[in-house]
Amino acid sequence: MNWQDYKRLCDSPPVFSRWMLEQSIELLGAEPRLVDAIGRAFVKSPLAKPVDHHGGPPTDMFVLSLTACEAKEVASAINAAIDAGRTTRATRSRGLGGFREAWREYASYVERSIRKGKETVR
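Take any residue in the sequence shown, count from 1 to its spot, add 7: that is its number in this note's numbering.
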């Protein structure tokens, strides 16, 4: 895969890094149903990286496929965790900057995709 295509895919709402998914799972550890939903991403192989990509496993990128309800619940739970000042071991020093936005964008993406699908069916 070339860098331009890889970057375009990685910047799309349904694509998350292994690191972001793992941190989200740690953050939502008290909610096993949401943890399981996010963890389903790891059943599939990560996106193929460009040949000269030097990042290790934390930089693996996965396409997430949550239901609209799951996406909304995860976004809401991430918001609540951030509002409560919770962090993960890896985010304690840097905070959760970008988490709220990424999950909100993903939930909106899923909702838009469902609406588009319904519009095509009509």
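Each residue gets a CB set at the ideal place from its N, CA and C atoms; glycine is no exception.
{"query": "Count the other CB atoms, across all protein chains shown, that sit within 10 Å of the CB of Gln30; report buried if there are 16 or more and exposed otherwise.", "result": "buried"}
{"query": "Would you check if the distance between the CB atom of Pro65 and the CB atom of Trp10 is smaller than 8 Å?", "result": "no"}
{"query": "Ignoring anything shorter than 4 residues or poking outside the region 43-109, list the alpha helix (DSSP H) runs there in chain order.", "result": "75-90"}
{"query": "Alpha carbon to alpha carbon, how far is Gly92 from Phe69?", "result": "27 Å"}
{"query": "Please report the straight-line C-alpha distance between Thr127 and Ser120, rounded to a whole angstrom.", "result": "Its pLDDT being 43, under 50, Thr127 is placed unreliably in this model, and the value from its coordinates should be taken loosely. Approximately 11 Å between the Cα atoms of the pair."}
{"query": "Does the beta-carbon of Glu77 have 16 or more other beta-carbons within 10 angstroms, so that it is buried, or is it exposed?", "result": "buried"}
{"query": "Does the region 77-87 come within contact of the region 109-117, defined as at least 3 CB pairs closer than 8 Å?", "result": "yes"}
{"query": "Among the residues of its own chain, which have a CB less than 6 Å from the CB of Glu33, if the five just before and after it don't count?", "result": "Thr95"}
{"query": "Please report the distance separating the alpha-carbon of Gly36 from that of Ala82.", "result": "14 Å"}
{"query": "Checking the sheet assignment: what are the DSSP bridge partners for Val117?", "result": "Looking at the DSSP assignment, Val117 forms no beta bridge with any residue, so it has no partner."}
{"query": "Can you list, in chain order, the residues of its chain with a C-beta nearer than 6 Å to that of Asp67? Leave out the 5 residues immediately preceding and following it.", "result": "Arg25, Pro53"}
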